[in-house]
Amino acid sequence: ISSSSIPMCYKMDASTEMIKIKVAHQKSVSWKENRHKKYEHFRHFPLIDDNATILERRNLTQLEETNENLQEKDNDRPRNSQHQLLSQRKEMLQRYKKQKQLQKMKERRERAKRGIFKVGLYRPDPPKFLSSLPEQKMGKPEAKKVN
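For the sequence shown, counting from 1, position 56 maps to 56 in the numbering used here; every step adds exactly one.
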């Protein structure tokens with residue numbers, strides 16, 4: 001930083017807008033810290049301060065459930081029950097797949113029974129009272145010949 005820019009930085013920091021911005025930032029930081037402290041207090045976990053010594057940290061109460069304790073609890077469950085749960089899930093999956101396949105087959109059969117949906121011009125049979133009239137062709141109108 002050149003010597004001419006130092007006074008400019010000082011002037012920028014001393015402006016009322018910059019002071020207001022700094023105060024607002026400090027307030028928001030303090031609010032966040034207080035909110036976090038309350039959150040930790042209600043969880044019954046003490047905050048670990050970065051400035052605390054190692055001895056003070058050791059005196060803090062340890063959590064009862066650590067990863068080791070959780071693994072021990074998992075090991076207490078017999079492997080057999082876990083295997084049974086796994087096999088039950090596999091059976092449920094197989095049943096689900098079979099039901100899905102049966103449903104698809106039923107839908108295919110129903111579609112085949114209904115027949116194919118055809119798109120085209122609808123030409124209904126003429127009513128009986130008009131049957132005495134000569135039949136008119138329902139095709140494209142022919143262009144008139146010009147002489």
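Glycine included, every Cβ here is placed at the ideal spot set by N, Cα and C.
Contacting residues, own chain, Cβ-Cβ under 6 Å from residue i (five flanking each side not counted)
{"i": "residue 109", "result": "none"}
Secondary structure of residue i, DSSP reduced to three states
{"i": "residue 117", "result": "coil"}
{"i": "residue 123", "result": "coil"}
{"i": "residue 43", "result": "coil"}
{"i": "residue 87", "result": "helix"}
{"i": "residue 15", "result": "coil"}
Close beta carbons around residue i, own chain, < 7 Å, minus the five adjacent residues each side
{"i": "residue 81", "result": "none"}
{"i": "residue 119", "result": "none"}
CB contact below 9 Å: residue i versus chain B
{"i": "residue 121", "result": "Structure shown: chain B not included; a single protein chain is present."}
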